[in-house]
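At position 73 of the sequence shown (counting the first as 1) the number is 1008 in this note's numbering, and the numbers step up by one without a gap. Note that beta-carbon positions come from the ideal geometry of N, C-alpha and C, so glycine has one too. The next block holds one structure in the form of structure tokens; read it before the comments.
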Amino acid sequence: MHVGVAYADKFKQTWLKLDVPDGSTARDAIERSGLLDQFPEIDLAENKVGIFGRLIKLETRLSDGDRVEIYRPITADPETVERRDQVGEGDAD
């Protein structure tokens, strides 16, 4: 069956199309894609995974045409967060 595997780091988006055997899981497709070698920062124990924006478990069986997405952790810039907290102080009287 035909599936896609997608990952984006800060600088580059990668979307690979590949053939996997029927009954393959999201983990199988990710491992077969080679993205784990290309992006060593991916940690499947930490990164969330989804299909078309819906979170799934790595052992979810895929259907033909699925796009497996590996999500990066969201990090906030502490300076930006601090400024956002200060905006509007004193405005709510």
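query	result
So what does DSSP say about I991, is it helix, strand or coil?	strand
Taking 8 Å as the cut-off, decide whether the C-beta atoms of I1005 and L970 are in contact.	yes
Can you tell me the Cα-Cα spacing of I986 and V1003, whole angstroms?	5 Å
Take the Cβ of A961 as the centre, count every other Cβ of all protein chains shown within 10 Å, and call the residue buried at 16 or more, exposed below.	buried
Can you name the start and end residues of the beta strand (DSSP E) that L953 belongs to?	948 to 954
Here's the rule: buried if 16 or more other CB atoms are within 10 angstroms of the residue's CB, otherwise exposed. What is S968?	buried
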